[in-house]
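J.: The structure's right below; bear with me while I get my questions together.
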Amino acid sequence: MKDRIEKFLKWAEDNGWNVKRHQNTDVCLPDNIISRYPSISKEYIEFLKSVNVCIAPDDSSWFLCLDDYNGVSDSAYSWNEIEKLCLEEAENDEEWKQEITEFWDCHLPVYFSVKSGYAYYALNTTGESGSIVHGYEPEFEETDIVTTSFVDFLDAIMKNSIEV
């Protein structure tokens, strides 16, 4: 697993991504993340231990890292930006808001894109646990499973078999 993460980070650096590494043996996610997502894959935790910033060359898509989840990154977007947009859109429709919240309770965003509208990849923390799903506007909660694991997601990016 660590080898596949390292292979991706080396590939990203060689392909113009803005990668800032660190070797953080302690991943300190905030309590609200830990309680909401008790089943975060070990693969993603290892990734978070290895990198502080990982932004695509065009600066319009990026991996969410510890600083994003802790609310201290330089990003203009919060880690749960898309959920907040959806809840805002739902306005006073409490049933719709509940559906939105239930969806996001099972999907931890790991990658954002603003390249051609809002899009994301998220870690499924229930059901198909560990799989990566892709969603985009306008129907953010209508997703497709793109890979069965986080490291397979990294491999798919390197092979250009998914668009990020």
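Numbering-wise (UniProt numbering), the sequence shown opens with residue 1 and increments by one.
Cβ coordinates follow ideal geometry from the N, Cα and C atoms, glycine included.
1. Just list the residues that DSSP pairs residue 123 with in beta bridges.
2. To test your reading of the DSSP string, which unbroken beta strand (DSSP E) runs of 3 or more residues are found completely within the region 55-119?
3. Taking C-alpha atoms, which residue in 129, 108, 10 lies nearest to residue 65?
4. Terminal residues of the continuous alpha helix (DSSP H) containing residue 144?
5. Skipping 5 residues on each side, what residues in its chain have a beta carbon closer than 8 Å to that of residue 127?
6. Using a Cβ-Cβ cutoff of less than 7 Å, which residues in the same chain neighbour residue 68 once the five nearest sequence positions on both sides are dropped?
7. Could you check the C-alpha separation between residue 104 and residue 137 for me, to the nearest Å?
8. Comparing alpha-carbon positions, which option in 1, 61, 39 lies nearest residue 49?
9. Identify, in the order they occur along the chain, each residue of the same chain with its Cβ nearer than 7 Å to the Cβ of residue 30, setting aside the five sequence neighbours on each side.
10. Figure out for me which residue from 130, 162, 57, 56 has the closest Cα to the Cα of residue 170.
11. Which residue marks the beginning of the alpha helix (DSSP H) containing residue 151, and which one marks its end?
12. Considering residue 18, what are the terminal residues of the beta strand (DSSP E) in which it resides?
13. Enumerate in chain order the residues of its own chain whose CB-to-CB distance from residue 51 is below 8 Å, with the five nearest sequence positions on each side excluded.
14. Can the beta-carbon of residue 45 be found closer than 9 Å to that of residue 151?
15. Would the beta-carbon of residue 135 fall within 9 Å of that of residue 82?
16. Look at residue 110 and residue 122 and say whether their C-beta atoms are less than 9 Å apart.
T.: Here's the rundown:
1. 108, 132
2. 61-63, 107-113
3. 108
4. Where residue 144 is concerned, there is no enclosing alpha helix (DSSP H), although the beta strand (DSSP E) it sits in stretches over 144-147.
5. 106
6. 75, 79
7. 15 Å
8. 1
9. 69, 70
10. Missing from the structure shown is residue 170; the chain here goes from 1 to 164 and no further.
11. 150-158
12. 18-21
13. 9, 19, 20, 21, 22, 63, 65
14. no
15. yes
16. yes
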